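Have a look at the structure below, then the notes.
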Amino acid sequence: MGFSEETRQRAREVIARYPADRSRSALLPLLHLVQSEEGYVSPAGVEFCADMLGLNKAQVGAVATFYTMYKRRPTGDYLVSVCTNTMCNVLGGQQVYDTLSEHLGVGHDETTADGTITLEHAECLAACDYGPVMTVNYDFFDKVDPDSAVGVVDELRAGGRPMPTRGARLCTLKEMSLQLAGFADPREGAVADGPAGDSTLRGLRLAQQNGITVAGFDPNTPIATKDGGTAPAGSAKSAEAAGVAANKPASDAKPAGDNAGQRERSLKEAEK
Amino acid sequence: MTQPRRETLEKLTPVLTKRWLSPDAWRMDVYEQLDGYAALRKALAVHPDDLIQLVKDSGLRGRGGAGFPTGLKWGFIPQNDGKPHYLVVNADEGEPGTCKDLPLMTHDPHSLVEGVIIASYAIRANRAFIYIRGEAVHAARRLRNAVQEAYAKGYLGRNILGSGFDLDLVVHSGAGAYICGEETALLDSLEGFRGQPRLRPPFPATHGLYASPTVVNNVGTIASVPYIVLGGAAWWKTMGTEKSSGPMIYSLSGRVANPGQYECSMGVTLRELLELAGGMQPGHNLRFWTPGGSSTPLLTADHLDVPLDFEGVAAAGSILGTTATQIFSDQDCPVYATYRWLEFYHHESCGKCTPCREGNYWMVRVYRRILSGQGTHEDLDTLLDTCDNILGRSFCGLGDGATSSVTSSLKFFKQDYLDYIEGRTAPRLSEKSLVGAH
Chain U
112 MGFSEETRQR AREVIARYPA DRSRSALLPL LHLVQSEEGY VSPAGVEFCA
162 DMLGLNKAQV GAVATFYTMY KRRPTGDYLV SVCTNTMCNV LGGQQVYDTL
212 SEHLGVGHDE TTADGTITLE HAECLAACDY GPVMTVNYDF FDKVDPDSAV
262 GVVDELRAGG RPMPTRGARL CTLKEMSLQL AGFADPREGA VADGPAGDST
312 LRGLRLAQQN GITVAGFDPN TPIATKDGGT APAGSAKSAE AAGVAANKPA
362 SDAKPAGDNA GQRERSLKEA EK
Chain H
4 MTQPRRETLE KLTPVLTKRW LSPDAWRMDV YEQLDGYAAL RKALAVHPDD
54 LIQLVKDSGL RGRGGAGFPT GLKWGFIPQN DGKPHYLVVN ADEGEPGTCK
104 DLPLMTHDPH SLVEGVIIAS YAIRANRAFI YIRGEAVHAA RRLRNAVQEA
154 YAKGYLGRNI LGSGFDLDLV VHSGAGAYIC GEETALLDSL EGFRGQPRLR
204 PPFPATHGLY ASPTVVNNVG TIASVPYIVL GGAAWWKTMG TEKSSGPMIY
254 SLSGRVANPG QYECSMGVTL RELLELAGGM QPGHNLRFWT PGGSSTPLLT
304 ADHLDVPLDF EGVAAAGSIL GTTATQIFSD QDCPVYATYR WLEFYHHESC
354 GKCTPCREGN YWMVRVYRRI LSGQGTHEDL DTLLDTCDNI LGRSFCGLGD
404 GATSSVTSSL KFFKQDYLDY IEGRTAPRLS EKSLVGAH
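So the protein lines, in turn, are chains U and H. Start counting the first sequence at 112; every next residue gets the next number (this note's numbering). Start counting the second sequence at 4; every next residue gets the next number (this note's numbering).
See below:
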């Protein structure tokens with residue numbers, strides 16, 4: 112499929128965030144961007160990224176297949192990830208995953224026939240103090256058990272949007288991918304969603320209840336200076352330009368000894 | 004639950020976590036009311052070298068696991084070299100058990116942004132990147148919002164607060180690869196490549212991002228900087244131990260009554276942390292634990308009084324790591340726990356070097372065989388032999404870390420392995436998961 116002009120414009124915005132001549136740095140966000148339009152990284156999405164960055168499709172494909180979050184097949188509106196790494200696993204995460212898999216009739220990285228849910232088992236999601244955890248489009252449902260997890264997916268399939276325990280109200284996987292490409296969440300109030308959970312605040316509350324603070328903090332403590340302390344002005348912009356010129360990227364973005372652009376063109380012509 | 008004793012409570016040092024109690028501290032106006040951006044003003048008034056010296060004097064060491072002295076790292080950046088310098092924040096939190104950077108970025112994102120500006124000024128960088136784990140979507144929302152607010156206030160962009168210092172900051176989301184927490188793999192990923200580690204030397208201090216001098220620091224390290232600038236090095240050193248100064252966020256998970264984040268003076272012991280956390284869950288007795296994530300060798304109930312600082316944990320044969328203490332009880336099986344971690348390392352191995360890629364692949368299969376009741380005594384030798392070929396022979400720390408739980412669990416819990424092999428423990432895995440194990 113052809114990508115929309117809006118997506119092209121967004122791609123240009125993404126590229127502009129990185130230094131000139133270092134546009135390849137925009138590849139990861141661009142892959143999130145194409146996923147936001149198609150729900151996965153399709154061959155057309157790979158080609159789009161390649162075109163935007165002056166790379167060939169093999170180079171983009173090599174990157175896209177390396178990272179777990181880039182999906183290779185169409186996904187559902189909601190990606191349900193159940194942590195089955197050691198801690199969540201022993202606390203019941205494996206049963207949660209097995210129950211969901213049976214309930215939904217899909218395995219790892221598979222999507223329900225109605226196109227609502229893609230299920231996956233995930234490695235540590237960095238919320239071990241709330242284990243076992245599950246995320247929907249990477250927003251957290253804490254301390255889940257098989258029943259509560261089934262409740263969440265049933266509500267999703269019935270068109271509802273259950274509120275995560277922490278994090279923002281749910282959006283679709285495509286909408287979330289756009290945020291991962293570096294664009295602000297446009298939903299009013301979504302950034303404010305998600306209070307700190309009990310485990311997050313446990314140590315702090317204990318300190319507060321018992322009047323524990325760190326003594327001796329004076330924000331006006333002077334900083335020792337070597338020479339009486341005058342801050343230098345001046346930017347290193349010109350230095351940056353000189354450095355960019357002096358240092359080629361780690362790779363020149365082309366296979367060694369290979370005129371990739373020409374080959375790509377010949378391939379396209381051959382396909383016609 | 005029993006109330007912790009006063010002397011144990013006094014180990015709590017709420018510094019980096021303190022603003023989390025203010026529900027709107029992620030907003031600029033609230034952050035500014037809570038000392039926010041005061042450190043930046045103070046820092047911009049002194050010479051960058053004085054800030055590097057201040058951080059050296061504070062004894063701050065990297066909070067990402069390795070514990071490298073931060074001021075020293077900053078000092079390695081060559082000055083007046085005519086090259087651009089970069090600051091890259093490693094926010095790719097993913098070490099199993101570790102869960103301290105996500106709450107920090109979610110509830111107090113400006114402290115990281117302020118630390119980034121000060122650190123960039125110190126090392127003379129005009130561009131900085133926060134490489135945040137892809138899955139951390141809500142933390143990224145808050146962080147991007149904070150960056151936008153900081154630009155609007157003139158804390159980022161051109162001529163910050165009239166100092167003549169310019170800085171652009173980009174929040175860059177990863178895409179699900181644990182290996183990108185390794186600093187050179189992170190740099191490759193940030194340059195738009197597969198996240199695979201680079202050969203060192205040269206080190207990032209001279210040839211980092213875009214082959215230019217680069218400092219890569221963890222979230223907690225950079226978020227510590229504003230407090231050191233405000234309170235001074237001497238105050239910072241009132242917390243922690245002589246060689247491991249300051250507060251540290253300890254993340255307790257597992258079979259404890261109250262799992263969660265406990266910011267304590269560095270050098271607190273697990274016995275004290277357990278007291279703060281209300282003890283073990285009823286019916287559970289401590290059996291094994293990780294001091295700092297799954298890449299650190301397991302410790303046992305014999306190590307309750309080990310000071311959890313860089314030196315203390317090393318002396319006990321493990322690593323402080325990310326201070327992610329995952330706590331397991333007598334109802335948890337160390338063989339199964341290790342197997343699950345190995346599945347993780349096997350999945351996350353980037354494939355660049357043979358020992359890690361092949362070693363983890365085979366060890367997972369040996370574990371499956373043991374756990375399905377078909378293991379042999381030779382399997383234990385095979386595991387140790389494989390670890391011997393991974394540790395120190397892998398391209399980066401991922402492979403080394405993978406061996407930690409294998410060798411330590413075999414050291415402390417060999418009987419558990421033998422019980423599976425000799426049929427005293429019922430198989431944990433079924434036949435179907437055995438495909439390819441022989």
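Just so you know, even glycine gets a beta-carbon here, dropped at the ideal spot from N, CA and C. Small disclaimer: the values here were computed from a predicted structure and weren't measured.
- For the pair U:Q146 and U:Y181, the CB atoms are nearer than the 8 Å cut-off.
- With respect to chain H, the C-beta atom of U:M245 has no partner C-beta closer than 8 Å.
- Think of a sphere of 9 Å around the beta carbon of H:V174: the chain U residues whose beta carbon falls inside it are G293, in chain order.
- Boundaries of the alpha helix (DSSP H) around U:M287: 284-291.
- For U:E221, the pairing in a beta bridge is given by DSSP as U:L230.
- For U:F159, the nearest beta carbon of chain H is not closer than 8 Å to its own beta carbon.
- Per DSSP, U:D250 is one residue of the beta strand (DSSP E) stretching across 250-252.
- Taking 8 Å as the threshold, the shortest C-beta distance from H:H50 to chain U falls below it.
- In the structure shown, the three-state DSSP call for H:N93 is strand.
- Rounded to whole angstroms, H:V259 and H:P337 show a C-alpha spacing of 17 Å.
- By the rule that beta-carbons nearer than 8 Å mark a contact, H:G65 does not touch chain U.
- Contact residues of the stretch 133-147 of chain H toward chain U are R136, G137, E138, A139, V140, H141, A143, R144, R145, R147 (C-beta to C-beta distance below 8 Å).
- Where H:P51 is concerned, the enclosing alpha helix (DSSP H) starts and stops at 51-61.
- Scanning U:E117, U:M163, U:E148 for the CA closest to the CA of U:I126 turns up U:M163.
- By the C-beta density criterion, U:G113 is exposed, having fewer than 16 other C-beta atoms within 10 angstroms.
- It is roughly 7 Å from the alpha-carbon of H:I330 to the alpha-carbon of H:L289.
- Here H:D388 is exposed: its Cβ has fewer than 16 other Cβ atoms, across all protein chains shown, within 10 Å.
- Annotation for U:P257: Q206, V207, T210 place their beta carbon closer than 6 Å to its own, counting only its chain and skipping 5 residues before and after.
- In this chain, the alpha helix (DSSP H) harbouring H:D422 covers 417-424.
- Under the 8 Å Cβ criterion, the stretch 299-314 of chain H counts as touching the stretch 269-289 of chain H, having at least three qualifying pairs.
- Taking U:S212 as the centre and dropping the five residues before and after it, the same chain places the C-beta of G218, L230 closer than 7 Å to its C-beta, in chain order.
- Between U:F251 and U:R277 a beta carbon distance of about 5 Å is seen, short of the 8 Å cut, so the two are scored as contacting.
- Per DSSP, the unbroken alpha helix (DSSP H) holding H:T209 starts and ends at 207-210.
- Contact between the stretch 174-188 of chain H and the stretch 76-85 of chain H is absent: fewer than three C-beta pairs spanning the two stretches fall below 8 Å.
- Within the stretch 300-316 of chain U, the residues whose Cβ lies closer than 9 Å to some Cβ of chain H are A301, V302, A303, D304, G305, P306, A307, G308, D309, S310, T311, L312, R313, G314, L315, R316, listed in chain order.
- For the stretch 399-410 of chain H, the residues whose beta carbon sits under 9 Å from a beta carbon of chain U are, in order, S408.
- In the three-state reduction of the DSSP assignment, H:F347 falls in the helix class, which pools H, G and I.
- Listed along the chain, the chain U residues whose CB falls inside 7 Å of the CB of H:N261 are R313.
- Counting C-beta pairs with one atom in each stretch, the stretch 315-324 of chain H and the stretch 349-362 of chain H have fewer than three that are closer than 8 Å, which means they do not touch.
- Residue contact check for U:E234 against chain H: a CB pair falls below 8 Å.
- Using a CB distance cut-off of 8 Å, H:A178 counts as an interface residue toward chain U.
- Within the stretch 304-375 of chain H, the runs of beta strand (DSSP E) that reach at least 3 residues and sit entirely inside it are, in chain order, 327-332.
- By the beta-carbon neighbour count (other beta carbons within 10 angstroms, threshold 16), H:K414 is exposed.
- Scanning H:Y40, H:A41, H:L345 for the CA closest to the CA of H:E98 turns up H:L345.
- In the DSSP assignment, H:H175 forms a beta bridge with H:Y134.
- In the DSSP assignment, the residues bridged to H:R64 are H:P72.
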